[in-house]
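Enquirer: Let me give you the structure first, and then I'll get to my questions.
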Amino acid sequence: MSNIQSLRGMKDIIDDDSKLFTYFVENASKIAKNYGFSFISTPMLEETALFKRSVGESSDIVNKEMYQFIDKGENDVCLRPEGTAGVVRCFIQNKFDKTGATKRWFYTGSMFRYERPQKGRLRQFHQFGAESFGQSSVYEDANIIIMIKDIFDFFGIKYKLLLNSLGCLECMPTYKQNLVSKLVNIQEDLCGDCKRRIETNPIRVLDCKIESCKELLTDMPKITHNLCQECNKDFDILKDILTKNNISFEIDSNLVRGLDYYNKTAFEFVSSEIGSQSAMAGGGRYDKLVEFLGGKSTPAVGFAIGIERILELIKYQPQDENIYYFGSMTPDGIERIFAKAVEFRKSNKAFVEYSSKSFIKHLNIAEKQGANIVALIGEDELKNDTIFIKDLRTKEEKTIPLNNFKGL
7 MSNIQSLRGM KDIIDDDSKL FTYFVENASK IAKNYGFSFI STPMLEETAL
57 FKRSVGESSD IVNKEMYQFI DKGENDVCLR PEGTAGVVRC FIQNKFDKTG
107 ATKRWFYTGS MFRYERPQKG RLRQFHQFGA ESFGQSSVYE DANIIIMIKD
157 IFDFFGIKYK LLLNSLGCLE CMPTYKQNLV SKLVNIQEDL CGDCKRRIET
207 NPIRVLDCKI ESCKELLTDM PKITHNLCQE CNKDFDILKD ILTKNNISFE
257 IDSNLVRGLD YYNKTAFEFV SSEIGSQSAM AGGGRYDKLV EFLGGKSTPA
307 VGFAIGIERI LELIKYQPQD ENIYYFGSMT PDGIERIFAK AVEFRKSNKA
357 FVEYSSKSFI KHLNIAEKQG ANIVALIGED ELKNDTIFIK DLRTKEEKTI
407 PLNNFKGL
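Converting from the sequence shown to my numbering requires adding 6 to each position, the first position being numbered 1.
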């Protein structure tokens, strides 16, 4: 009988990847808190209707990629393919839309999409994201973008920021009509998905990743040339804020994002170092989504970072901390060494070995576990109520009274 393997496109996160993963989440969370965001966790399983109504039935996510099924209670449910819709659902369910309060949340967790696995694209993947509700000012858009910049800067990740405006309900309908009138002239040369999108959501055609389609779309009308006065003003203000904060960007008029709920600001942080899947983070404004899902009209803006896509780009900065290894060279010392390790773990990272071993074996295990301070009890230490300490970095050794050992 063969061993059971993990499902295709779903990976374990262990060893070096685990270290980078937790390092990213911990420090990205700190940065989000600095910007006034608090942690939120929403269920991985939601009603399918939530994503059909928010992401859009014309999107590839809903049409092709959702893990959807009928549960034992005859409910139509799915594993979440993205994070924003669940956060919006929570916002409405708790009636925050009725109070008019500003809510800023960040989250991290698994998302699921059934698509062909490749580098940087898994069927179960993880995102770090944030959503802000109640602020219509374009300064909040800039706040979100600058926060992402701070996150990437902290980890030493190089990026290019792409920026666009998708307009609003006043200027978008006219633009769509203009776009469709051009698309029908080339539709026979477009891929099957683009032909379908002309009927269902023509702006999504601009998001096609197939090179032959991208070449045909170069002469299409630009959204930024068709903005109403308010959208144009907001876009100019956003560009001015970013420029004054020394954040370079490029205008990408074909940047529409892959989801139906965006309006006005849309952005992506991309990298040339992660292959064809160059988008590391993306987001934008979605002022109509709360209302569309049954809540009171509430302005909102957010983003998500694909964690697996950036792991190999993270410049890990080892924390300046002592990691202790406790061991005994005699069976009679194990109880005492265990008690000392428990005491240390209240404020330090500490490993403890439960069986007695030789001095050399303890040193070898300590190095493998990444410890830099070794604390051992042998027969002499047990008799004299002392403990032997060795700093693996400086090679300094000393023996001190056990009760006096509070750390280095």
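Note that the Cβ used here is the ideal one computed from N, Cα and C, for glycine as well. Computed from a prediction, not measured in an experiment: that's the story for all the values here.
#1: How about F357 and A377: are their beta carbons less than 8 Å apart?
#2: Pick out the complete beta strand (DSSP E) segments inside the region 82 to 110, 3 residues or longer, and give them in chain order.
#3: How big is the Cα-Cα spacing for Q325 and L167?
#4: Helix, strand or coil for T230? Go by DSSP, reduced to three states.
#5: Can you check which of these residues, S24, A381, Q235 and E359, is closest to C177 by C-alpha distance?
#6: Below 7 Å CB to CB, which residues in the same chain sit around K404 once its five sequence neighbours on both sides are set aside?
#7: Are the Cβ atoms of M335 and S361 separated by less than 8 Å?
#8: What is the DSSP secondary structure of Y113, reduced to helix, strand or coil?
#9: Which residue's Cα is closest to the Cα of N149: D103, G289 and G92?
#10: I need the straight-line Cα distance from G62 to C200, nearest angstrom please.
#11: Using the C-alpha atoms, what's the distance from K125 back to G312?
#12: Can you check which of these residues, G173, K220 and Y165, is closest to I192 by C-alpha distance?
#13: Taking only three categories from DSSP, how would you classify G301?
#14: Quick one: give me the first and last residue of the beta strand (DSSP E) that I330 is part of.
#15: Enumerated in chain order, which unbroken segments of the alpha helix (DSSP H) with a length of 4 residues or greater are wholly contained in the region 132 to 216?
#16: In terms of alpha-carbon separation, which member of A272, G413 and N184 lies closest to D293?
#17: Taking DSSP's pairing of strands, which residues face L248 in a bridge?
#18: Are T54 and D82 touching if we call contact CB-CB under 8 Å?
#19: Sorted by chain position, which residues of the same chain lie with C-beta nearer than 7 Å to L128's C-beta, five sequence neighbours on each side aside?
#20: V348 to L398, Cα distance in whole Å?
#21: Where does A34 land, buried or exposed, given buried means 16+ other C-beta within 10 angstroms?
#22: Confirm, please, whether the CB-CB distance from I154 to F241 is below 8 Å.
#23: With a threshold of 8 Å, are at least 3 pairs of Cβ atoms found where one atom belongs to the region 45 to 59 and the other to the region 87 to 107?
#24: Quick check: the Cα distance between R291 and N184, rounded to an integer number of angstroms?
#25: Between which two residues does the alpha helix (DSSP H) carrying A377 extend?
#26: I'd like to know whether the C-beta atoms of I152 and I253 end up nearer to each other than 8 Å.
#27: For P407, which beta-bridge partners are listed by DSSP?
#28: Contact between the region 110 to 119 and the region 39 to 50: three or more CB pairs below 8 Å?
#29: Quick one: measure Cβ to Cβ for E71 and A310, integer angstroms, because I've assumed they're closer than 8 Å.
#30: Is the beta carbon of N251 less than 8 Å from the beta carbon of L223?
#31: Give the range of the beta strand (DSSP E) segment to which R291 is assigned.
#32: Could you give the residue range of the beta strand (DSSP E) that holds T271?
Expert: Reading off the structure:
#1: Residue 357 sits at position 351 when you count from the first residue of the sequence shown. Residue 377 sits at position 371 when you count from the first residue of the sequence shown. Yes, Cβ-Cβ distance for F357 and A377 is below 8 Å.
#2: The region 82 to 110 contains these whole beta strand (DSSP E) runs: 82 to 85.
#3: Position 319 of the sequence shown, counted from the start, is the residue given in the question as residue 325. Position 161 of the sequence shown, counted from the start, is the residue given in the question as residue 167. Each residue's Cα considered, the two are about 29 Å apart.
#4: Here residue 230 refers to the residue found at position 224 of the sequence shown. T230 falls in the helix class under three-state DSSP.
#5: If you number the sequence shown from 1, residue 177 lands on position 171. Answer by Cα proximity: Q235.
#6: Taking the sequence shown and counting its residues from 1, the one referred to as residue 404 is at position 398. The answer, listed in chain order, is I395.
#7: By one-based count along the sequence shown, residue 335 stands at place 329. By one-based count along the sequence shown, residue 361 stands at place 355. No.
#8: Numbered from its first residue, the sequence shown carries residue 113 at position 107. Strand, per DSSP.
#9: In the sequence shown, residue 149 corresponds to position 143, counting from 1. Of D103, G289 and G92, the residue nearest in Cα terms is G289.
#10: Position 56 of the sequence shown, counted from the first residue, corresponds to residue 62. Position 194 of the sequence shown, counted from the first residue, corresponds to residue 200. Taking the straight line from one Cα to the other gives about 16 Å.
#11: By one-based count along the sequence shown, residue 312 stands at place 306. By one-based count along the sequence shown, residue 125 stands at place 119. Their Cα atoms are separated by approximately 12 Å.
#12: Residue 192 sits at position 186 when you count from the first residue of the sequence shown. Considering only alpha carbons, the answer is K220.
#13: Taking the sequence shown and counting its residues from 1, the one referred to as residue 301 is at position 295. G301: coil per DSSP, three-state reduction.
#14: Counted from its first residue, the sequence shown places residue 330 at position 324. The question names Ile, but residue 330 is Tyr in the sequence shown. Counting along the chain, the beta strand (DSSP E) containing Y330 begins and ends at I329 to S334.
#15: Runs found: 144 to 160, 178 to 189 and 198 to 206.
#16: Here residue 293 refers to the residue found at position 287 when the sequence shown is read from its first residue. Nearest of A272, G413 and N184 to D293, Cα basis: A272.
#17: Against the sequence shown, residue 248 aligns to sequence position 242. DSSP lists no partner for L248.
#18: As a position in the sequence shown, residue 54 is number 48, starting the count at 1. As a position in the sequence shown, residue 82 is number 76, starting the count at 1. Yes; because the gap between Cβ atoms is below 8 Å, this pair is in contact.
#19: Numbered from its first residue, the sequence shown carries residue 128 at position 122. Closer than 7 Å at Cβ, skipping near neighbours: G15, M16, K17 and E314.
#20: Looking up residue 348 in the sequence shown gives position 342. Looking up residue 398 in the sequence shown gives position 392. Going by the C-alpha atoms only, they are around 21 Å apart.
#21: Position 28 of the sequence shown, counted from the start, is the residue given in the question as residue 34. With 16 or more Cβ atoms within 10 Å of its Cβ, A34 is classed as buried.
#22: Residue mapping note: residue 241 aligns to position 235 of the sequence shown, counting from 1. Residue mapping note: residue 154 aligns to position 148 of the sequence shown, counting from 1. For F241 and I154, no; Cβs fall outside 8 Å.
#23: Three or more beta-carbon pairs separated by less than 8 Å link the region 45 to 59 to the region 87 to 107, which places the two stretches in contact.
#24: If you number the sequence shown from 1, residue 291 lands on position 285. If you number the sequence shown from 1, residue 184 lands on position 178. Cα-Cα distance, rounded: 23 Å.
#25: Taking the first residue of the sequence shown as 1, we reach residue 377 at position 371. In this chain, A377 is not harboured by any alpha helix (DSSP H), its DSSP state being neither H nor E.
#26: As a working mapping, residue 152 is identified with position 146 in the sequence shown. As a working mapping, residue 253 is identified with position 247 in the sequence shown. With contacts defined as CB atoms closer than 8 Å, I152 and I253 qualify as a contacting pair.
#27: Position 401 of the sequence shown, counted from the first residue, corresponds to residue 407. Its beta-bridge partners are T392.
#28: Yes: at least three Cβ pairs fall under 8 Å.
#29: Indexing the sequence shown from 1 puts residue 71 at position 65. Indexing the sequence shown from 1 puts residue 310 at position 304. The beta carbons of E71 and A310 sit about 15 Å from each other, so the pair does not count as a contact at 8 Å.
#30: If you number the sequence shown from 1, residue 251 lands on position 245. If you number the sequence shown from 1, residue 223 lands on position 217. No.
#31: The residue labelled residue 291 in the question sits at position 285 within the sequence shown. In the DSSP annotation of this structure, the continuous segment of the beta strand (DSSP E) that includes R291 starts and ends at A285 to R291.
#32: Taking the first residue of the sequence shown as position 1, residue 271 is located at position 265. Per DSSP, T271 belongs to the beta strand (DSSP E) from N269 to V276.
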